[in-house]
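Structure record follows, encoded as structure tokens.
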Amino acid sequence: MKIIRWKAVIPLAVLTTLTVVFCVFFMDSIIKNIFISSGEAIFGAKVEIRKLKTGIISPSIDIQGLQIADKGNFFKNAIEVDSIRFGMKFLPLLSKKVIIDDMSIENIRFGTERKTSGELPPKKIKKIEKKQKAEKKDGITSKLFDSLKAKMDQEASSMPIAKGTDGLGDSVKSFDAKKLVSGYDLESKKKLDSLSKDSAEKFQKYKTQLEGIKPEERVESTNLLIKEVSKIKIKTVQDVQPAKEKIDSLNKEKQLLDETLSKINASKDGISKELKEKGAVIGQIDDLVKKDRDNLMAMVNIGKIDKGGIARAVFGPIWMNRVNKGMYYLYLVRKYSPPKKKNQAKDLFPREKGYDVVFYKSEVLPGLLIKHIGISGKSEELDLEGTLVDLCSDQMAYGRPARLNITGKNGKNTYLIDGLFDHTGDIPVDSISIKADNMEVSSLGIPKNDYIPDIKSGTMVLISSFTLREEELDCRMLIEIKNVKFAKNKGNSEINNMLGEVFDSINSITVEARMYGKSDSLQTELDSNLDDMVSEKLKAAYEKKVAEYKAKINEELNNQVNKEKEKFALEYESKKEELTKGFTEKQNLVNEQKQAIEDKIQEVRKKIEDYTEGEKKKQEEEVKKKIGDKVPTKELDKYFK
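If you're matching positions, the sequence shown starts at 129 in the working numbering and goes up one per residue.
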């Protein structure tokens, strides 16, 4: 009787041998390629593994020299790990379940340099993109990514358009008060030119009138007449009539002088009406100078930064990039550990062709469970250690959320990362919080910008959190920078000195940012004390500079208008006084001559009266003598009173 059936044993032995040989020689390469392909599909950049070793008898995997390139900078690694080790339980593998009690990730580092580019070949990128298109696009994380991209584009397009410090400097350097005033159509200058022309015409008119009125000729003829009249002697009755005729002649001369005087008075009145007082004339120019000054001052604009613009311009891109990275990790959690509803019977996972259908049962092990991951890292930049526990593909079945805790230290710098990924209830909650203390501000990666000088030094506390509660996103960031020192702007220009004073006075900066809401209604907020401080201090410096420029404008306006105005005022007053004086002299001359005529008329009249009175007395005496003693003296006197 044959105990061993060699026909069955031999093929089985051959098959077993081939399986062992396959595992020994090919399994490591296959699993390595699977890890690399999966990693490149997840991270969108090259994934490299220096060595991968599998254990067959006691299922385990040992990965050495893992590098994952940074999609945003292909010459840097997003993650570099010296080794990853974990063992798997054998029996669950037979049910296509990977159960890992403990995994170690040793010497993890971030942002290390690469010698070669981490960019994937175009064919591989197209293949990954094609596969991603086959995935569900109606999930919350996909919608949020689309909304987040749209929000980032919107924020970028709405960044402040106010001039930065470079633009401000250009305005300061290009300011030219003389050019500004000369290029402006000054109303005051036009008025001054108009008044100068108008007054010149009027002065010429009255000068012509003054020269046309010649009382001297009349005075000369009158003086001759007065001399003739002065020679009159009335001794007989025959002398009276010629004397009266001379009086008539004098009155005629006086009348002619009155006519001349009327012309003089009319011209003087015209001067008073047409050539107003200097103050009234200059007042017209002064009013327009004030108007020109106001208009020119309104044109002084050396640029300024509005409140609220600086923080968004400087910290907005940093904030949006952090939200993008935080959302990416939440996306990975939701993708590879999708939340499920209680009593959910199945789920569909798309493939290149068709779907994988997964049916769920309660109180069973999930397809993937890693109970504990130990994380450590040691480098010149950072020492860190931490754990990730209860990471699984179906928390509803396992009944526990995944938790992440990582602490890091570099001298005085400390880091703390906490994560909670809870899909055990009907409302899934995924959150990551990061706190970094005593960091150098340079680690924040503030890009060069046109709004503030480079921050040379400062210590910083950064607290950020990224939470996805069912379909609502809530991301927050707080940055506190102390002992801030800004780099000095090169050169010794006015703008550099002005901005240097502004930023030298700033000692601390606080920034608070938030993005929240559902995918179709994301809201962003960003506020900082930097806005108020720079706005107020720059406003003061701006106002000081504007005041200087206005003083220069005022000085240039004085040079171009006021000096001409003063010259015009002096000439105006001088010519008016000269004309008035000329007419007054002629007026006085005529009045004096009239008075001389009047005096001479009175003199002749007195001579006539004296002669008449004398003749009268003579006649009285003769009558008295003829009557003699026949009539009493008292009675006689009655007739000669």
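All C-beta atoms in this analysis are idealised placements derived from N, C-alpha and C, irrespective of residue type, glycine included.
Under 9 Å between C-beta atoms of residue i and residue j
i	j	result
S211	S232	yes
P343	I375	no
P467	Q523	yes
E498	V662	The question names Glu, but residue 498 in the sequence shown is Ile. No, Cβ-Cβ distance for I498 and V662 is not below 9 Å.
K222	V209	This sequence places Leu at residue 222; Lys is not what is there. No, these two residues do not count as a Cβ contact at 9 Å.
A389	K722	Per the sequence presented here, residue 389 reads as Leu, with Ala not at that position. Cβ atoms of L389 and K722: closer than 9 Å.
G596	G645	Reading off the sequence shown, one finds Leu at residue 596, where the question assumed Gly. No, the Cβ-Cβ distance between L596 and G645 is not below 9 Å.
L707	K335	yes
V630	L658	no
G505	E234	yes
V442	M643	no
L512	I501	no
S395	F711	yes
V347	L385	yes
F218	P250	no
N635	K610	yes
I771	V175	Here the chain has residues from 129 to 769 only, and residue 771 is not among them.
E257	A173	no
D632	A641	no
N379	I729	yes
L314	V612	no
E726	V365	no
I196	R213	no
Assumed close pair residue i, residue j - CB separation to whole angstroms, cut-off 8 Å
i	j	result
A724	I354	6 Å
S521	G495	5 Å
I189	L180	7 Å
E598	P556	6 Å
D227	L493	According to the sequence shown, residue 227 is Ile rather than Asp. So it is a contact: roughly 6 Å between Cβ atoms.
D583	I574	First, the residue type needs correcting, since residue 583 is Ile and not Asp in the sequence shown. Yes, they are in contact, since the Cβ atoms of I583 and I574 sit about 6 Å apart, within 8 Å.
K746	A371	The Cβ separation is near 19 Å, so there is no contact.
D558	R462	7 Å
K714	I341	6 Å
M588	L606	So it is not a contact: roughly 11 Å between Cβ atoms.
G628	I560	That belief does not hold up - the Cβ atoms of G628 and I560 are roughly 40 Å apart, past 8 Å.
L323	I399	At roughly 16 Å, the Cβ-Cβ gap does not stay under 8 Å, so L323 and I399 are not in contact.
D420	L685	7 Å
D565	N538	About 11 Å separates the two Cβ atoms, so there is no contact after all.
K325	E402	So it is not a contact: roughly 14 Å between Cβ atoms.
F594	L458	6 Å
I410	K693	7 Å
T182	D156	5 Å
K160	I185	Their Cβ separation, rounded to whole angstroms, is 20 Å, which puts K160 and I185 out of contact at 8 Å.
Beta-ladder partner(s) of residue i, from DSSP
i	result
E600	R597
A564	Y543 and L590
Y644	D602 and Q651
N538	N541
G183	S188
D550	V557
T515	G502 and N533
N201	D198
I607	L590 and V639
S585	K613
E176	Q195
S656	V639
L497	I227 and C520
Min CB distance residue i to chain E below 9 Å
i	result
D655	In summary, chain E is missing from the structure at hand, where a single protein chain is found.
Three or more C-beta pairs below 8 Å linking the stretch 544-561 and the stretch 520-536
yes
For the stretch 234-241 against the stretch 201-210, are there 3 or more C-beta pairs whose distance is under 8 Å?
Here the stretch 234-241 lies against the stretch 201-210, with 3 or more beta-carbon pairs under 8 Å apart.
Which whole runs of the beta strand (DSSP E) in the stretch 208-267 are 3 residues long or more, in chain order?
226-228 and 231-237
For the stretch 437-474, which segments carrying the alpha helix (DSSP H) assignment without a break, of at least 4 residues, lie completely within its bounds, in sequence order?
437-464
Write down every uninterrupted run of the alpha helix (DSSP H) in the stretch 346-423 whose length is 4 residues or greater and which is fully enclosed by it, in chain order.
As for any alpha helix (DSSP H) of minimum length 4 sitting wholly inside the stretch 346-423, the runs are 368-402, ordered along the chain.
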